[in-house]
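Step one of this worksheet: look at the structure below.
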Ligand code: MN
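Numbering (this note's numbering), first residue to last: 307 to 537.
Next comes the structure, spelled out in structure tokens:
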């Protein structure tokens, strides 16, 4: 086959313990999946799950031990961090039952749902889509993926984020409104999940702004930490 110009290179993420990479298909995100964060955003936290997407090439894959670079984006004066557990799908499917969902999980990583909060707020006010606030270039930093079988009981662990060494976010993953199997069940009713899909599962309370030069360190029990410098 020939193309009229060279196709974009495939997007991929590192996997712990192998040089083989995880080829990324789609990036799904869950909005307000922790009650305390939903409340800080002005909701009750009991609403049904909200899904949105980022383009796959918004991914910023960060190797183990490395510090990724996220350029401060255009058009915003309120660039927010959101630390999230990310589920990497290994087996696709539609209408996956919650009690079957975990066998579709390839692994887990720590990710950042970076957000142009002022633009997102403006779109919410206009009842318009969030793309400009959520789906911009470099909006999805991701640490190395740990195989589910090697991750241990990570869903019983803790997720946290520091900026320049000061803790901003910290929560038990058990505080999620919709659990990982419930998210997979809901998502796969709306879209056919495919191998290579990533699901950013929502952020706990404590979101806030970062500036140029800030160092973000994101951690989740049993997973490789994710370090990102805002450029
Ligand atoms: Mn988020």
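The C-beta atom is built at its ideal place from N, Cα and C for all residues, glycine as well. Given the structure is predicted, the values throughout are model-derived calculations rather than measurements.
Inset, instruction - With DSSP as the reference, label residue 525 as helix, strand or coil. - result: In the chain shown, the residue the question calls residue 525 occupies position 219. Residue state, collapsed to three classes: strand.
Inset, instruction - Using 10 angstroms around the beta-carbon of residue 470, count the other beta-carbons present and answer buried if the total reaches 16, otherwise exposed. - result: Translated into the one-based positions of the chain shown, residue 470 becomes position 164. So residue 470 counts as exposed.
Legend entry - Within 9 angstroms, strictly: CB atoms of residue 391 and residue 416: Here the question's residue 391 lines up with position 85 in the chain shown. Here the question's residue 416 lines up with position 110 in the chain shown. Against a cut-off of 9 angstroms, the Cβ pair of residue 416 and residue 391 comes out as a contact.
Inset, instruction - Say whether the stretch 356-372 touches the stretch 315-326, bearing in mind that this needs 3 or more beta-carbon pairs closer than 8 angstroms, one atom from each stretch. - result: Yes, the stretch 356-372 touches the stretch 315-326.
Inset, instruction - Would you kindly check if the distance between the Cβ of residue 513 and the Cβ of residue 421 is under 9 angstroms? - result: Here residue 421 refers to the residue found at position 115 when the chain shown is read from its first residue. Here residue 513 refers to the residue found at position 207 when the chain shown is read from its first residue. Pairing residue 421 with residue 513 gives a Cβ-Cβ distance under 9 angstroms.
Legend entry - Those residues, in chain order, that have a beta-carbon closer than 5 angstroms to some heavy atom of the ligand MN: Qualifying residues come out as 388, 419, 509.
Inset, instruction - Could you tell me which of 347, 463, 525 sits nearest to residue 386, measuring between CA atoms? - result: Translated into positions along the chain shown, residue 386 becomes position 80. That would be 347, whose Cα lies nearest to the Cα of residue 386.
Legend entry - CA-to-CA distance, residue 448 to residue 536, given in whole angstroms: Taking the first residue of the chain shown as 1, we reach residue 536 at position 230. Taking the first residue of the chain shown as 1, we reach residue 448 at position 142. Pairing residue 536 with residue 448, the inter-Cα distance amounts to about 14 angstroms.
Legend entry - Proximity below 9 angstroms, CB of residue 498 to CB of residue 398: For this step, residue 498 is matched to residue 192 along the chain shown. For this step, residue 398 is matched to residue 92 along the chain shown. Residue 498 places its beta carbon less than 9 angstroms from that of residue 398.
Inset, instruction - Specify, as a first and last residue, the run of the alpha helix (DSSP H) that residue 492 falls within. - result: As a first step, residue 492 is located in the chain shown; it is residue number 186 there, counting from the start. Unbroken alpha helix (DSSP H) run through residue 492: 486-496.
Inset, instruction - Report the three-state DSSP secondary structure of residue 362 (helix, strand or coil). - result: On the chain shown, position 56 is the one that residue 362 refers to. Helix at residue 362.
Inset, instruction - Would you tell me roughly how many angstroms separate the C-alpha atoms of residue 548 and residue 409, rounded to the nearest one? - result: Nothing can be reported for residue 548, as the shown portion of the chain is limited to 307 through 537.
Legend entry - Proximity of residue 460 and residue 335 at Cβ, strictly below 9 angstroms: Counting from one through the chain shown, the residue named residue 460 turns up at place 154. Counting from one through the chain shown, the residue named residue 335 turns up at place 29. The answer is no: Cβ separation not under 9 angstroms.
Legend entry - Residues that DSSP places opposite residue 466 in a beta bridge: As a working note, residue 466 is residue 160 in the chain shown. Partner residues in the beta bridge of residue 466, as assigned by DSSP, are 476, 525.
Inset, instruction - From the DSSP output, in three-state form, read off residue 422 for me. - result: Residue 422 sits at position 116 when you count from the first residue of the chain shown. Strand, per DSSP.
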